[in-house]
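Student: So that we are looking at the same thing, I have put the structure below in structure tokens.
2 protein chains.
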Amino acid sequence: MAEESNKLQELSIDCVIFGFEDHQLKILLYQRAIEPEMDQWALPGGFIKIDEDLDRSASRILKEVTGVNNIYMQQINAFGAVNRYPQKRVITIGFYALINPGNYNIVPGVGAKAAQWFDIAQIPVLSFDHNEIYLYALNILRKKVRYEPIGFELLPEKFTLTLIQRLYEAVLGIEFDVRNFRKKLLKMNLLIKLPEKQEGVAHRAANLYKFDKKIYNELKGKGFMFDL
Amino acid sequence: MAEESNKLQELSIDCVIFGFEDHQLKILLYQRAIEPEMDQWALPGGFIKIDEDLDRSASRILKEVTGVNNIYMQQINAFGAVNRYPQKRVITIGFYALINPGNYNIVPGVGAKAAQWFDIAQIPVLSFDHNEIYLYALNILRKKVRYEPIGFELLPEKFTLTLIQRLYEAVLGIEFDVRNFRKKLLKMNLLIKLPEKQEGVAHRAANLYKFDKKIYNELKGKGFMFDL
DNA sequence: TCAAAAGTGTTTGCAATACACCCATGC
DNA sequence: GCATGGGTGTATTGCAAACACTTTTGA
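Chains as they are written, first to last, in this note's numbering: chain H, 110 to 337; chain X, 110 to 337.
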């Protein structure tokens, strides 16, 4: 820090929360109840408090705006174009997270008229530079998915092989061969086959699996190439 | 942005500049000429101006502190622990870059008593949380190197296959088999064999190569797995 | 002629790909 | 019994890994 700043600026956080539901990848948006950009859909966000670490700030903001609590978010990038926010200079730090929508109750909170999940195929025009932030996050997710396991956070505890295949297909926007996908996935030893099957489906019931948390975490560190 | 902030905070930028020289990976540090932490070695950094985009700010700061001009830096992460900086709350955005030290003239500038390259095996204790920022950057570099080509920015225009192997070895801290390394590298079509050889070496002169910029950029986008 | 680094090929095993049919269940 | 998705195996091909000797050059 070689020089003193001549003016102060403000710092905010915006959250891109991904969820997987109905075989579709979604993000969580809220509708602004205050100016600027009243009524627009936007990423859940807010200002950082002066006595608050970044991660805690992100969690608080997400909770306040959408009611979603207690999730692990990861920083992705700072966005600081001079005019990205009207009237004053606001630099924002983007965070993202993966969650299973079924586990959370969405309740619009501070400054929000509404909050809901949007299919990534139908994201509206968002406030400020939020479309850019969202696209950046999606890009990160698409890269990440090829180098380390995802799914633990997005899927229910017990799931079928078809569901995890649909997840990968939804994230990457491509389709996989059933047999090769399963071979590759099972070879990692990432999944544990449960002695349980689906219930109440109008066709042959699929076997349920869960993640082997230990191997999952190992692969997070080490990385792999998911090439399908 | 659902809520107004109650207090303003300051924002800085810190740069982790990697270079490759004498078969070693290095980073560029400067010695602080002002308080706080006078005389300590630190990452080149400074405060963001209110009318300045982040990238431009990073370039300006690097230039002012070390004399290094006109390089492309990439954002890596924001660091915002409440007490990371003494006296006041300062959140900093880390940037990193890869350059060939031979192409730049280091001249300690604003607030710097000295500026020089340090082998990554001998990084001193740095100011504030700069060791953490540096390690974060090193980690990113080590991941990146496995998924996309590096070297263009770090190596001289013409180089030997052995030199690029040494670069990968220095970055990753492991050794590769000569034959397999060359096979893999050449198979990418990334390198163009020049009709020139090393000169003035006391052993068999090695062939020189350069990057095929077009394929280099393609691979940057697409990614690959460097598994050796 | 010696020292120092450059340069080169083969074998083996595993993983990626492409591809089609039978199975279990509920209605 | 039919519609719906579940579940499985093989043949081919290419890449990764392991491994040691000869060549060139300058001093």
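C-beta: ideal position from N, C-alpha, C; glycine also.
Can you name the residues of chain X whose CB is closer than 7 Å to the CB of H/Ala187?
Tutor: As a working mapping, residue 187 of chain H is identified with position 78 in the first sequence. The contacting residues are Leu163, Gln184, Ala187 and Ile202.
Student: In angstroms with no decimal places, state the Cα-to-Cα distance between X/Asp160 and X/Pro217.
Tutor: Position 51 of the second sequence, counted from the first residue, corresponds to residue 160 of chain X. Position 108 of the second sequence, counted from the first residue, corresponds to residue 217 of chain X. Taking the straight line from one Cα to the other gives about 25 Å.
Student: Identify whether X/Pro210 lies in helix, strand or coil by the three-state DSSP scheme.
Tutor: Indexing the second sequence from 1 puts residue 210 of chain X at position 101. Here X/Pro210 sits in helix by DSSP.
Student: Exposed or buried, what is X/Arg74 when buried is set at 16 or more other beta-carbons lying within 10 Å of its beta-carbon?
Tutor: This structure cannot settle anything about residue 74 of chain X, because the visible part of chain X is limited to 110 through 337.
Student: Please report the Cβ distance between X/Ile122 and X/Ala167, rounded to the nearest whole angstrom; I am assuming they are in contact, meaning their Cβ atoms lie under 8 Å.
Tutor: Here residue 122 of chain X corresponds to residue number 13 of the second sequence, with the count starting at 1. Here residue 167 of chain X corresponds to residue number 58 of the second sequence, with the count starting at 1. X/Ile122 to X/Ala167, Cβ: 5 Å. Contact.
Student: Restricting to runs no shorter than 3 residues, where is the beta strand (DSSP E) found entirely within the segment 126-204 of chain H?
Tutor: Qualifying beta strand (DSSP E) stretches, in chain order: 133-141, 154-156 and 183-188.
Student: Looking only at DSSP bridge pairs, what is X/Asp238 linked to?
Tutor: In the second sequence, residue 238 of chain X corresponds to position 129, counting from 1. DSSP output for X/Asp238 lists no bridge partner at all.
Student: Looking only at its own chain, which residues have a Cβ that is under 6 Å from the Cβ of X/Pro195, when we skip the five neighbours before and after it?
Tutor: The residue given as residue 195 of chain X occupies position 86 in the second sequence. Cβ within range, chain order: Pro145.
Student: In three-state DSSP terms, what is H/Glu284?
Tutor: For the purposes of this step, residue 284 of chain H is identified with residue 175 of the first sequence, where counting begins at 1. H/Glu284 falls in the coil class under three-state DSSP.
Student: Looking at C-beta atoms only, is the number of pairs between the segment 224-242 of chain X and the segment 126-135 of chain X that lie closer than 8 Å three or more?
Tutor: In short, these stretches touch, since the Cβ pair count reaches three.
Student: So the candidates are X/Lys322, X/Met334 and X/Arg141; which of them puts its Cα closest to the Cα of X/Gln225?
Tutor: To locate residue 225 of chain X, count along the second sequence from 1; it is residue 116. It is X/Arg141.
Student: Does any residue of chain X bring its CB to less than 8 Å from the CB of H/Asp238?
Tutor: Locating residue 238 of chain H in the first sequence gives position 129, counting from the first residue. Judged by the 8 Å Cβ criterion, H/Asp238 is not in contact with chain X.
Student: Since X/Arg251 meets chain H, which of its residues come closer than 7 Å, beta carbon to beta carbon?
Tutor: Residue numbering aside, residue 251 of chain X sits at position 142 when the second sequence is read from its first letter. Residues of chain H passing the Cβ test: none, with the nearest at roughly 11 Å.
Student: Would the beta-carbon of H/Gly203 fall within 8 Å of that of H/Ile185?
Tutor: Position 94 of the first sequence, counting from 1, holds the residue named residue 203 of chain H. Position 76 of the first sequence, counting from 1, holds the residue named residue 185 of chain H. For H/Gly203 and H/Ile185, yes; Cβs fall inside 8 Å.
Student: Which class does H/Phe348 belong to by DSSP, given the choice of helix, strand or coil?
Tutor: Outside the shown range of chain H, which is 110 to 337, sits residue 348 of chain H, and nothing can be said about it.
Student: So for H/Ala224, helix, strand or coil by DSSP?
Tutor: If you number the first sequence from 1, residue 224 of chain H lands on position 115. In this structure, H/Ala224 counts as strand in the three-state DSSP scheme.
Student: Give me the Cα-Cα distance between H/Lys253 and X/Phe188, rounded to the nearest whole angstrom.
Tutor: Walking along the first sequence from the start, residue 253 of chain H turns up at place 144. Walking along the second sequence from the start, residue 188 of chain X turns up at place 79. Between H/Lys253 and X/Phe188, the C-alpha separation is close to 22 Å.
Student: Classify X/Lys158 as buried or exposed, calling it buried when 16 or more other Cβ atoms lie within 10 Å of its own Cβ.
Tutor: As a working mapping, residue 158 of chain X is identified with position 49 in the second sequence. Buried, because 16 or more other Cβ atoms sit within 10 Å of the Cβ of X/Lys158.
Student: Under three-state DSSP, which class holds H/Ile301?
Tutor: Position 192 of the first sequence, counted from the first residue, corresponds to residue 301 of chain H. In this structure, H/Ile301 counts as strand in the three-state DSSP scheme.
Student: I want to see whether chain X comes within less than 8 Å of H/Val191, judged by CB atoms only; does it?
Tutor: The count along the first sequence starts at 1 and reaches residue 191 of chain H at position 82. Yes, H/Val191 counts as interfacial toward chain X.
Student: Tell me the DSSP secondary structure of H/Glu327 in three-state form.
Tutor: Residue mapping note: residue 327 of chain H aligns to position 218 of the first sequence, counting from 1. Three-state result, H/Glu327: helix.
Student: Starting from H/Phe320, trace the beta strand (DSSP E) in both directions and tell me its first and last residue.
Tutor: Position 211 of the first sequence, counting from 1, holds the residue named residue 320 of chain H. It spans Asn316 to Phe320 - the beta strand (DSSP E) in which H/Phe320 sits, taken as one unbroken run.
Student: With distances taken from CA atoms, which of H/Gly332, H/Ile259, H/Val234 and H/Gly282 is nearest H/Leu300?
Tutor: Here the question's residue 300 of chain H lines up with position 191 in the first sequence. With distances taken between Cα atoms, H/Leu300 lies closest to H/Ile259.
Student: For X/Lys267 and X/Leu276, what's the separation of their Cα atoms in angstroms?
Tutor: Along the second sequence, read from residue 1 onward, the residue named residue 267 of chain X stands at position 158. Along the second sequence, read from residue 1 onward, the residue named residue 276 of chain X stands at position 167. Their Cα atoms are separated by approximately 14 Å.
Student: Taking H/Val287 as the reference, which of H/Lys302, H/Pro304 and H/Thr269 has the closest Cα?
Tutor: Your numbering for residue 287 of chain H matches position 178 in the first sequence. Cα-wise, what sits closest to H/Val287 is H/Thr269.
Student: Under 6 Å Cβ to Cβ from H/Leu120, same chain only, skipping five residues before and after it: list those, please.
Tutor: Residue 120 of chain H sits at position 11 when you count from the first residue of the first sequence. Taken in chain order, the residues that qualify are Ile157 and Ile200.
Student: Of all the CB atoms in chain H, is at least one closer than 8 Å to the CB of X/Tyr245?
Tutor: Your numbering for residue 245 of chain X matches position 136 in the second sequence. No, its Cβ sits nowhere closer than 8 Å to a Cβ of chain H.
Student: Applying a beta-carbon distance threshold of less than 7 Å, which residues of chain X neighbour H/Asp160?
Tutor: By one-based count along the first sequence, residue 160 of chain H stands at place 51. Those within 7 Å of H/Asp160 in chain X are Val191.
Student: Are the C-beta of X/Met297 and some C-beta of chain H separated by less than 8 Å?
Tutor: Along the second sequence, one-based indexing puts residue 297 of chain X at 188. No, X/Met297 lies away from the interface with chain H (no Cβ there is under 8 Å from its Cβ).
Student: Does DSSP classify X/Phe290 as helix, strand or coil?
Tutor: Within the second sequence, residue 290 of chain X is the residue found at index 181, counting from 1. Helix at X/Phe290.
Student: Pick helix, strand or coil for H/Lys306, following the three-state DSSP scheme.
Tutor: Position 197 of the first sequence holds residue 306 of chain H. Strand.
Student: Examine chain X for any beta-carbon lying closer than 8 Å to the beta-carbon of H/Leu120, and answer yes or no.
Tutor: By 1-based counting over the first sequence, the position of residue 120 of chain H is 11. It does: the Cβ of H/Leu120 has a partner Cβ on chain X nearer than 8 Å.
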